[in-house]
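Written out below as C-alpha coordinates is the structure these notes cover.
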Amino acid sequence: MSARRKQPPRNAKTVSATETTIKSTMDIQTPNDSIFAHPLLPTQTEAILLSLYPATLILGSLFTTLSPPLSNSTYSPTHQSYQPAAFAPSYFAQKRNIFNVYFVKLGWLWTTFALLVFLFTHPAHGRPLSLAPTAQRLRALARWTAATGLWYLTTQWCFGPALIDRSFVLSGGACALRAADKRGDIEISKIKSASSAVQCKIAGGTWSGGIDISGHVFLLVLASALLWLEVLPVVLRARGLREDRTVRDDDGTVIHAVPEGQAEREKAEVEVSGWGVKFVVGVVALMWWMLLMTAAFFHTWSEKLMGLIVAFTGVWAIYFLPRGVPAVRQILGMPGL
1 MSARRKQPPR
11 NAKTVSATET
21 TIKSTMDIQT
31 PNDSIFAHPL
41 LPTQTEAILL
51 SLYPATLILG
61 SLFTTLSPPL
71 SNSTYSPTHQ
81 SYQPAAFAPS
91 YFAQKRNIFN
101 VYFVKLGWLW
111 TTFALLVFLF
121 THPAHGRPLS
131 LAPTAQRLRA
141 LARWTAATGL
151 WYLTTQWCFG
161 PALIDRSFVL
171 SGGACALRAA
181 DKRGDIEISK
191 IKSASSAVQC
201 KIAGGTWSGG
211 IDISGHVFLL
221 VLASALLWLE
231 VLPVVLRARG
241 LREDRTVRDD
251 DGTVIHAVPE
261 GQAEREKAEV
271 EVSGWGVKFV
281 VGVVALMWWM
291 LLMTAAFFHT
301 WSEKLMGLIV
311 AFTGVWAIYF
321 LPRGVPAVRQ
331 ILGMPGL
(Lines of atoms letter the chains of each structure in order from A and count residues from 1; the text may use other names and numbers.)
(Lines give C-alpha, C1' and ligand atoms only; values in the text may rest on other atoms or scores of the structure.)
Protein backbone atom coordinates (compact mmCIF):
# COMPACT_ATOMS: atom_id res chain seq x y z
CA MET A 1 0.00 0.00 0.00
CA SER A 2 1.21 3.47 -0.79
CA ALA A 3 0.84 6.35 1.65
CA ARG A 4 0.50 10.04 0.85
CA ARG A 5 0.03 12.90 3.32
CA LYS A 6 0.34 16.64 3.17
CA GLN A 7 2.15 16.46 6.52
CA PRO A 8 5.89 15.71 6.81
CA PRO A 9 6.85 12.07 6.23
CA ARG A 10 7.49 11.44 9.90
CA ASN A 11 3.74 11.84 10.51
CA ALA A 12 2.76 9.44 7.78
CA LYS A 13 0.55 6.57 8.84
CA THR A 14 1.87 3.16 7.87
CA VAL A 15 -0.48 0.36 6.96
CA SER A 16 0.46 -3.28 6.62
CA ALA A 17 0.15 -4.58 3.07
CA THR A 18 -0.97 -7.93 4.40
CA GLU A 19 -4.16 -6.64 6.00
CA THR A 20 -7.26 -8.32 4.65
CA THR A 21 -9.70 -5.47 5.26
CA ILE A 22 -10.82 -2.97 2.68
CA LYS A 23 -8.05 -0.70 3.95
CA SER A 24 -5.61 -2.73 1.84
CA THR A 25 -7.14 -1.31 -1.35
CA MET A 26 -6.82 2.34 -0.37
CA ASP A 27 -4.23 5.07 -0.36
CA ILE A 28 -4.12 7.24 2.77
CA GLN A 29 -4.56 11.02 2.82
CA THR A 30 -5.47 13.42 5.59
CA PRO A 31 -8.85 15.16 5.13
CA ASN A 32 -9.63 18.83 5.61
CA ASP A 33 -11.91 20.23 8.32
CA SER A 34 -15.00 20.66 6.11
CA ILE A 35 -18.29 19.27 7.38
CA PHE A 36 -18.35 17.14 4.24
CA ALA A 37 -15.18 15.41 5.46
CA HIS A 38 -16.98 13.67 8.33
CA PRO A 39 -17.03 9.90 7.71
CA LEU A 40 -20.70 9.51 8.64
CA LEU A 41 -21.90 12.34 6.39
CA PRO A 42 -22.19 12.49 2.59
CA THR A 43 -19.62 14.33 0.53
CA GLN A 44 -20.63 17.60 -1.10
CA THR A 45 -21.57 15.88 -4.35
CA GLU A 46 -23.51 13.19 -2.53
CA ALA A 47 -25.32 15.80 -0.44
CA ILE A 48 -26.41 17.65 -3.57
CA LEU A 49 -27.72 14.47 -5.16
CA LEU A 50 -29.52 13.37 -1.99
CA SER A 51 -31.15 16.78 -1.70
CA LEU A 52 -32.91 16.11 -5.01
CA TYR A 53 -35.24 13.68 -3.23
CA PRO A 54 -36.89 16.08 -0.76
CA ALA A 55 -36.81 18.75 -3.47
CA THR A 56 -38.72 16.40 -5.78
CA LEU A 57 -41.34 15.68 -3.13
CA ILE A 58 -41.75 19.39 -2.42
CA LEU A 59 -42.02 20.17 -6.14
CA GLY A 60 -44.68 17.51 -6.65
CA SER A 61 -46.65 18.65 -3.62
CA LEU A 62 -46.52 22.29 -4.77
CA PHE A 63 -47.75 21.25 -8.18
CA THR A 64 -50.70 19.49 -6.54
CA THR A 65 -51.52 22.52 -4.40
CA LEU A 66 -51.15 25.19 -7.09
CA SER A 67 -52.77 23.32 -9.98
CA PRO A 68 -56.56 23.98 -10.07
CA PRO A 69 -57.41 20.63 -11.76
CA LEU A 70 -55.55 18.77 -9.01
CA SER A 71 -56.76 20.86 -6.08
CA ASN A 72 -60.33 20.16 -7.21
CA SER A 73 -59.69 16.52 -8.07
CA THR A 74 -61.49 13.43 -6.82
CA TYR A 75 -58.44 11.90 -5.12
CA SER A 76 -59.32 9.60 -2.22
CA PRO A 77 -56.60 9.30 0.47
CA THR A 78 -58.30 6.15 1.74
CA HIS A 79 -58.13 4.37 -1.61
CA GLN A 80 -54.95 6.24 -2.65
CA SER A 81 -56.41 6.73 -6.11
CA TYR A 82 -58.77 8.95 -8.05
CA GLN A 83 -62.43 7.95 -7.82
CA PRO A 84 -63.61 7.19 -10.43
CA ALA A 85 -60.39 6.43 -12.30
CA ALA A 86 -61.75 7.99 -15.49
CA PHE A 87 -61.51 11.42 -13.82
CA ALA A 88 -57.80 11.12 -13.00
CA PRO A 89 -56.12 14.39 -14.06
CA SER A 90 -53.25 12.68 -15.88
CA TYR A 91 -52.25 9.34 -17.36
CA PHE A 92 -49.63 9.09 -14.61
CA ALA A 93 -52.35 9.68 -12.01
CA GLN A 94 -53.90 6.34 -12.94
CA LYS A 95 -52.65 3.38 -10.92
CA ARG A 96 -52.87 1.18 -13.99
CA ASN A 97 -50.48 3.27 -16.09
CA ILE A 98 -47.89 1.09 -17.78
CA PHE A 99 -44.92 2.60 -15.93
CA ASN A 100 -46.49 1.95 -12.54
CA VAL A 101 -47.56 -1.60 -13.39
CA TYR A 102 -44.41 -2.83 -15.14
CA PHE A 103 -41.72 -0.61 -13.65
CA VAL A 104 -42.55 0.63 -10.15
CA LYS A 105 -44.43 -2.49 -9.09
CA LEU A 106 -41.42 -4.51 -10.26
CA GLY A 107 -39.01 -1.88 -8.99
CA TRP A 108 -36.73 -4.14 -7.01
CA LEU A 109 -36.39 -6.52 -9.95
CA TRP A 110 -35.30 -3.63 -12.16
CA THR A 111 -32.91 -2.46 -9.44
CA THR A 112 -31.32 -5.89 -9.13
CA PHE A 113 -30.97 -6.31 -12.89
CA ALA A 114 -29.43 -2.87 -13.36
CA LEU A 115 -26.93 -3.46 -10.54
CA LEU A 116 -25.89 -6.84 -11.94
CA VAL A 117 -25.40 -5.36 -15.41
CA PHE A 118 -23.12 -2.71 -13.92
CA LEU A 119 -21.17 -5.11 -11.70
CA PHE A 120 -20.44 -7.61 -14.46
CA THR A 121 -19.73 -5.24 -17.35
CA HIS A 122 -17.60 -2.52 -15.78
CA PRO A 123 -13.85 -3.09 -15.20
CA ALA A 124 -13.97 -1.40 -11.79
CA HIS A 125 -15.27 -4.69 -10.40
CA GLY A 126 -13.21 -7.17 -12.37
CA ARG A 127 -12.86 -8.38 -15.94
CA PRO A 128 -16.03 -7.43 -17.88
CA LEU A 129 -18.46 -10.28 -18.61
CA SER A 130 -16.52 -12.53 -16.26
CA LEU A 131 -18.43 -14.22 -13.44
CA ALA A 132 -15.39 -14.20 -11.17
CA PRO A 133 -16.44 -13.39 -7.57
CA THR A 134 -14.09 -10.45 -7.05
CA ALA A 135 -13.96 -8.61 -3.72
CA GLN A 136 -15.63 -5.57 -5.28
CA ARG A 137 -18.53 -7.63 -6.61
CA LEU A 138 -19.00 -9.55 -3.38
CA ARG A 139 -19.12 -6.38 -1.29
CA ALA A 140 -21.53 -4.74 -3.74
CA LEU A 141 -23.76 -7.81 -3.48
CA ALA A 142 -23.50 -7.58 0.31
CA ARG A 143 -24.80 -4.00 0.12
CA TRP A 144 -27.58 -5.14 -2.23
CA THR A 145 -28.47 -7.92 0.23
CA ALA A 146 -28.73 -5.41 3.08
CA ALA A 147 -30.93 -3.13 0.98
CA THR A 148 -33.06 -6.07 -0.13
CA GLY A 149 -33.54 -7.10 3.49
CA LEU A 150 -34.70 -3.60 4.38
CA TRP A 151 -37.06 -3.50 1.39
CA TYR A 152 -38.52 -6.90 2.29
CA LEU A 153 -39.00 -6.10 5.98
CA THR A 154 -40.56 -2.74 5.19
CA THR A 155 -42.92 -3.70 2.38
CA GLN A 156 -43.43 -7.48 2.44
CA TRP A 157 -43.00 -9.24 5.78
CA CYS A 158 -41.45 -8.48 9.17
CA PHE A 159 -42.08 -11.54 11.33
CA GLY A 160 -45.73 -11.02 10.46
CA PRO A 161 -47.07 -7.80 8.94
CA ALA A 162 -44.55 -5.60 7.13
CA LEU A 163 -43.18 -2.49 8.85
CA ILE A 164 -45.46 -0.34 6.70
CA ASP A 165 -48.52 -2.17 8.03
CA ARG A 166 -47.23 -2.21 11.61
CA SER A 167 -46.60 1.54 11.60
CA PHE A 168 -50.05 2.13 10.13
CA VAL A 169 -51.72 0.22 12.96
CA LEU A 170 -49.53 1.85 15.62
CA SER A 171 -50.55 5.28 14.31
CA GLY A 172 -54.22 4.46 14.84
CA GLY A 173 -55.12 2.78 11.57
CA ALA A 174 -57.23 -0.33 11.11
CA CYS A 175 -59.18 -2.28 8.54
CA ALA A 176 -62.70 -0.83 8.44
CA LEU A 177 -65.95 -1.86 6.81
CA ARG A 178 -66.88 0.22 3.80
CA ALA A 179 -69.83 2.45 4.63
CA ALA A 180 -71.88 1.25 1.68
CA ASP A 181 -71.33 -2.45 2.38
CA LYS A 182 -73.59 -4.73 4.37
CA ARG A 183 -71.89 -7.93 5.39
CA GLY A 184 -72.43 -10.83 7.72
CA ASP A 185 -70.76 -11.33 11.09
CA ILE A 186 -68.12 -13.69 9.69
CA GLU A 187 -66.99 -11.17 7.07
CA ILE A 188 -66.98 -8.36 9.61
CA SER A 189 -64.80 -10.43 11.94
CA LYS A 190 -62.35 -11.03 9.10
CA ILE A 191 -62.19 -7.32 8.42
CA LYS A 192 -61.58 -6.45 12.07
CA SER A 193 -58.85 -9.09 12.39
CA ALA A 194 -56.95 -8.01 9.26
CA SER A 195 -53.43 -6.92 10.22
CA SER A 196 -52.16 -5.82 6.81
CA ALA A 197 -53.37 -3.85 3.82
CA VAL A 198 -53.43 -7.01 1.70
CA GLN A 199 -55.52 -8.95 4.23
CA CYS A 200 -57.85 -5.98 4.55
CA LYS A 201 -58.37 -5.77 0.80
CA ILE A 202 -59.01 -9.51 0.51
CA ALA A 203 -61.59 -9.30 3.30
CA GLY A 204 -63.34 -6.50 1.44
CA GLY A 205 -62.49 -3.73 3.91
CA THR A 206 -60.66 -0.45 3.57
CA TRP A 207 -57.32 0.38 5.23
CA SER A 208 -57.95 3.70 6.95
CA GLY A 209 -57.29 5.86 9.99
CA GLY A 210 -53.50 5.77 10.32
CA ILE A 211 -50.40 7.17 8.68
CA ASP A 212 -49.49 4.99 5.72
CA ILE A 213 -45.80 5.11 4.81
CA SER A 214 -45.63 5.65 1.06
CA GLY A 215 -44.27 2.41 -0.33
CA HIS A 216 -43.67 4.05 -3.71
CA VAL A 217 -41.56 6.84 -2.22
CA PHE A 218 -39.65 4.38 -0.04
CA LEU A 219 -38.91 2.02 -2.94
CA LEU A 220 -38.02 4.66 -5.51
CA VAL A 221 -35.71 6.56 -3.15
CA LEU A 222 -33.96 3.48 -1.75
CA ALA A 223 -33.54 1.78 -5.13
CA SER A 224 -32.36 4.81 -7.08
CA ALA A 225 -29.99 5.94 -4.30
CA LEU A 226 -28.49 2.44 -4.17
CA LEU A 227 -27.83 2.49 -7.91
CA TRP A 228 -26.32 5.95 -8.21
CA LEU A 229 -24.20 5.56 -5.09
CA GLU A 230 -22.73 2.44 -6.69
CA VAL A 231 -21.90 4.16 -9.99
CA LEU A 232 -20.98 7.61 -8.64
CA PRO A 233 -17.28 6.87 -7.95
CA VAL A 234 -16.87 5.52 -11.49
CA VAL A 235 -18.64 8.50 -13.05
CA LEU A 236 -16.61 11.01 -11.03
CA ARG A 237 -13.33 9.36 -11.98
CA ALA A 238 -14.29 9.18 -15.66
CA ARG A 239 -15.14 12.89 -15.66
CA GLY A 240 -12.06 13.92 -13.72
CA LEU A 241 -14.28 15.06 -10.83
CA ARG A 242 -13.05 12.64 -8.18
CA GLU A 243 -14.26 13.57 -4.73
CA ASP A 244 -12.54 11.59 -2.00
CA ARG A 245 -14.62 10.15 0.79
CA THR A 246 -13.37 9.92 4.36
CA VAL A 247 -13.27 6.87 6.59
CA ARG A 248 -12.47 6.24 10.23
CA ASP A 249 -9.50 3.93 10.64
CA ASP A 250 -9.22 1.16 13.23
CA ASP A 251 -7.38 3.51 15.60
CA GLY A 252 -9.98 6.28 15.20
CA THR A 253 -8.01 8.37 12.71
CA VAL A 254 -10.11 10.01 10.00
CA ILE A 255 -8.48 9.67 6.58
CA HIS A 256 -9.31 10.13 2.93
CA ALA A 257 -9.72 6.83 1.12
CA VAL A 258 -8.95 6.52 -2.57
CA PRO A 259 -8.14 3.37 -4.55
CA GLU A 260 -4.46 2.50 -4.72
CA GLY A 261 -3.06 2.90 -8.23
CA GLN A 262 -6.10 4.98 -9.12
CA ALA A 263 -4.54 6.73 -12.12
CA GLU A 264 -4.06 3.45 -13.97
CA ARG A 265 -7.56 2.27 -13.06
CA GLU A 266 -9.11 5.53 -14.27
CA LYS A 267 -7.38 5.25 -17.64
CA ALA A 268 -8.54 1.67 -18.09
CA GLU A 269 -12.10 2.45 -17.04
CA VAL A 270 -12.48 5.45 -19.36
CA GLU A 271 -11.25 3.41 -22.33
CA VAL A 272 -13.94 0.77 -21.80
CA SER A 273 -17.51 1.30 -22.99
CA GLY A 274 -19.73 2.43 -20.14
CA TRP A 275 -23.02 0.99 -21.39
CA GLY A 276 -23.57 -0.66 -18.02
CA VAL A 277 -23.32 2.75 -16.37
CA LYS A 278 -25.65 4.24 -18.98
CA PHE A 279 -28.23 1.54 -18.30
CA VAL A 280 -28.12 2.29 -14.57
CA VAL A 281 -28.45 6.02 -15.25
CA GLY A 282 -31.49 5.33 -17.44
CA VAL A 283 -33.17 3.27 -14.72
CA VAL A 284 -32.41 5.93 -12.09
CA ALA A 285 -33.79 8.68 -14.35
CA LEU A 286 -37.07 6.81 -14.83
CA MET A 287 -37.26 6.18 -11.09
CA TRP A 288 -36.85 9.91 -10.45
CA TRP A 289 -39.65 10.68 -12.91
CA MET A 290 -41.98 8.20 -11.23
CA LEU A 291 -41.05 9.68 -7.83
CA LEU A 292 -42.12 13.08 -9.15
CA MET A 293 -45.38 11.60 -10.44
CA THR A 294 -45.98 9.94 -7.06
CA ALA A 295 -45.32 13.23 -5.28
CA ALA A 296 -47.71 15.08 -7.59
CA PHE A 297 -50.62 12.65 -7.75
CA PHE A 298 -50.56 10.26 -4.80
CA HIS A 299 -50.32 10.15 -1.00
CA THR A 300 -50.52 12.85 1.62
CA TRP A 301 -47.46 14.89 2.55
CA SER A 302 -46.96 13.00 5.82
CA GLU A 303 -47.04 9.65 4.00
CA LYS A 304 -44.46 10.80 1.46
CA LEU A 305 -42.25 12.26 4.18
CA MET A 306 -42.32 9.00 6.16
CA GLY A 307 -41.37 7.03 3.05
CA LEU A 308 -38.43 9.37 2.48
CA ILE A 309 -37.23 9.13 6.09
CA VAL A 310 -37.31 5.31 6.14
CA ALA A 311 -35.47 5.12 2.81
CA PHE A 312 -32.83 7.66 3.90
CA THR A 313 -32.27 5.70 7.11
CA GLY A 314 -31.51 2.60 5.07
CA VAL A 315 -29.23 4.46 2.67
CA TRP A 316 -27.27 5.95 5.56
CA ALA A 317 -26.87 2.57 7.29
CA ILE A 318 -25.66 0.84 4.12
CA TYR A 319 -23.51 3.53 2.49
CA PHE A 320 -22.40 5.98 5.18
CA LEU A 321 -22.23 3.99 8.42
CA PRO A 322 -19.46 1.71 7.03
CA ARG A 323 -17.23 4.75 6.51
CA GLY A 324 -17.23 5.46 10.23
CA VAL A 325 -17.30 1.89 11.56
CA PRO A 326 -14.42 -0.31 10.34
CA ALA A 327 -16.14 -3.55 11.38
CA VAL A 328 -19.15 -2.76 9.19
CA ARG A 329 -16.87 -1.60 6.37
CA GLN A 330 -15.15 -4.97 6.29
CA ILE A 331 -18.50 -6.58 5.48
CA LEU A 332 -20.22 -4.03 3.25
CA GLY A 333 -17.19 -2.25 1.85
CA MET A 334 -17.52 0.99 -0.11
CA PRO A 335 -18.44 1.51 -3.78
CA GLY A 336 -15.44 2.12 -6.01
CA LEU A 337 -12.91 0.54 -3.64
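Numbering (full-length UniProt numbering), first residue to last: 1 to 337.
Every residue gets a Cβ at the ideal spot worked out from N, C-alpha and C, and that includes glycine.
(request) Using beta-carbon positions only, say whether residue 402 and Phe279 come within less than 7 Å of one another. (result) Past the boundaries of the shown model lies residue 402; the chain is included only from 1 to 337, so the question cannot be answered.
(request) Determine, using beta carbons only, whether Gly107 and Ala223 come nearer to each other than 7 Å. (result) yes
(request) Consult DSSP for Arg239 and reduce its assignment to one of helix, strand or coil. (result) coil
(message) Using a 10 Å radius around the Cβ and a threshold of 16 neighbouring Cβ atoms, would you call Trp144 buried or exposed?
(response) buried
(request) Pair every Cβ in the region 154-166 with every Cβ in the region 207-220, then say whether three or more of these pairs are closer than 8 Å. (result) yes
(message) Going by DSSP in three states, Val104 sits in which element: helix, strand or coil?
(response) helix
(request) Compute the Euclidean distance between the alpha carbons of Ile186 and Phe159, then round it to the nearest angstrom. (result) Since pLDDT at Ile186 reaches only 48, below the 50 mark, its modelled position is unreliable, and the value read off the structure follows with that caveat. Spanning the two alpha carbons is a distance of roughly 26 Å.
(request) Rounded to whole angstroms, what's the CA-CA distance from Lys201 to Pro326? Just pull it up for me. (result) 45 Å
(message) In whole angstroms, give me the CA-to-CA distance for Val328 and Thr56.
(response) 31 Å
(request) Assuming Met306 contacts Ser214 (C-beta within less than 8 Å), just tell me the rounded distance between them. (result) 7 Å
(message) Considering only the alpha carbon of each residue, which of Leu138, Leu41, Arg127, Asn100 lies closest to Gln330?
(response) Leu138
(message) Give me the DSSP bridge partner(s) of Arg245.
(response) Ala257
(message) I'd like to know whether the C-beta atoms of Ala142 and Leu332 end up nearer to each other than 7 Å.
(response) yes
(request) Give the DSSP-derived three-state secondary structure of residue 340 in the structure shown. (result) Outside the shown range of the chain, which is 1 to 337, sits residue 340, and nothing can be said about it.
(message) Could you pull the DSSP bridge partners for Ser208 from this structure?
(response) Ala174
(request) Can you have a look at Val283 and say buried or exposed, based on whether 16 or more other CB atoms are within 10 angstroms of its CB? (result) buried
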